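In the working numbering, the protein residues as written are 14 to 240. Just so it is clear, CB atoms sit at the ideal spot from N, CA and C, and this is done for glycine as well. Here the structure is a predicted model, which means the values were calculated and not measured. Read the structure below first, then the notes.
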């Protein structure tokens with residue numbers, strides 16, 4: 014009668030042992046990681062992604078930047094310090110920005126207004142813009158204000174970014190988060206439809222269990238603020 018050959022004793026011992034060794038090494042590697050907070054785990058990639066704003070003489074790598082954390086929770090680092098007058102609430106400001114995230118499945122970049130060539134403009138304190146970006150521009154007790162020509166990376170927690178855009182609405186998964194209907198900056202849906210849909214899925218989606226931190230690379234303008 015035909016039958017499958019018997020497995021050798023060595024084979025029967027080897028494979029279970031290999032599985033146990035792999036499991037043990039994986040557990041040891043995981044124990045070396047710091048999962049003490051969701052933010053510390055998610056923010057780590059933002060410190061090694063090259064700066065998405067390309068207006069610098071040579072592309073800066075965020076790993077080379079020295080990040081500080083403000084009392085409000087934003088993390089910030091200057092790739093280039095500007096010069097000239099700083100801004101205060103009630104004054105107009107214009108920036109170029111590149112937006113990315115610490116929690117996307119298919120890469121981190123979402124949108125850059127450099128792609129459209131139109132600066133993002135608003136009046137500081139008018140309620141149209143997320144608080145984390147305003148703090149990055151105006152500064153606070155532990156964040157120095159930006160100056161024209163400066164380039165800064167900020168990592169903004171949800172409560173200072175787009176948490177208001179993901180509040181559940183009965184019968185709706187997404188809020189209407191088009192430009193002008195929610196705090197900005199928001200990718201323009203008419204000229205950046207794919208980027209807007211990606212933004213909406215991450216930051217306007219009430220079905221997401223949490224919002225990942227927002228990463229912004231900012232260049233501040235001087236004279237262009239009033240154009």
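Would you tell me roughly how many angstroms separate the C-alpha atoms of residue 233 and residue 221, rounded to the nearest one?
Distance between the alpha carbons of residue 233 and residue 221: 32 Å.
Nearest-angstrom Cα distance between residue 132 and residue 217?
Each residue's alpha carbon lies about 23 Å from the other.
Which residues in the same chain have their Cβ closer than 7 Å to the Cβ of residue 95, if we skip the five residues on either side of it in sequence?
Result list for residue 95: 159, 160, 161, 162, 163, 233, in chain order.
Residues bridged to residue 231 by DSSP?
Answer is 110, 165.
In this structure, how does DSSP classify residue 127 when only helix, strand and coil are distinguished?
If DSSP states are grouped into helix, strand and coil, residue 127 belongs with the helices.
When you compare the CB positions of residue 166 and residue 231, do they come within less than 9 Å of one another, or not?
Yes.
If we count Cβ pairs, one from each stretch, closer than 8 Å, do we get three or more for the region 120-139 versus the region 203-212?
Segments in contact, yes.
Can you tell me which of 90, 150, 179 puts its alpha carbon nearest to the alpha carbon of residue 98?
Of the listed residues, the one whose Cα sits closest to residue 98 is 150.
Going by C-alpha to C-alpha distance, which of 219, 147, 139, 179 sits closest to residue 110?
Among 219, 147, 139, 179, the Cα nearest to that of residue 110 belongs to 147.
My output table needs one value for residue 221: the three-state DSSP class, helix, strand or coil.
DSSP places residue 221 in coil when its eight states are reduced to three.
Comparing alpha-carbon positions, which option in 129, 84, 112 lies nearest residue 205?
Measuring from the Cα of residue 205, the nearest candidate turns out to be 129.
Indicate whether residue 145 and residue 178 have their beta-carbon atoms separated by less than 9 Å.
Not a contact, by the Cβ cut-off of 9 Å.
Taking 8 Å as the limit between beta carbons, can you name the residues of its chain near residue 84, skipping five residues before and five after?
Excluding sequence neighbours, residue 84 sits near 153, 154, 155.
May I ask which residues mark the beginning and end of the alpha helix (DSSP H) holding residue 216?
Note, residue 216: alpha helix (DSSP H), 206-216.
Is the beta carbon of residue 116 sitting closer than 9 Å to the one on residue 170?
Their beta carbons are not under 9 Å apart, which means residue 116 does not touch residue 170 by this criterion.
I need the boundaries of the alpha helix (DSSP H) containing residue 149, first residue and last residue.
Where residue 149 is concerned, the enclosing alpha helix (DSSP H) stretches over 144-151.
Would you mind sorting residue 102 into buried or exposed? The rule is 16 or more other CB atoms within 10 Å of its CB.
When all chains shown are included, residue 102 counts as exposed.
Is residue 155 helix, strand or coil by DSSP?
The answer is coil: DSSP assigns residue 155 none of H, G, I, E or B.
For residue 139 and residue 108, what's the separation of their Cα atoms in angstroms?
About 16 Å.
Is the beta carbon of residue 143 less than 9 Å from the beta carbon of residue 106?
Not a contact, by the Cβ cut-off of 9 Å.
Which whole-angstrom value is the C-beta distance of residue 80 and residue 92, which I expect to be below 8 Å?
Not confirmed; about 11 Å, so no contact.
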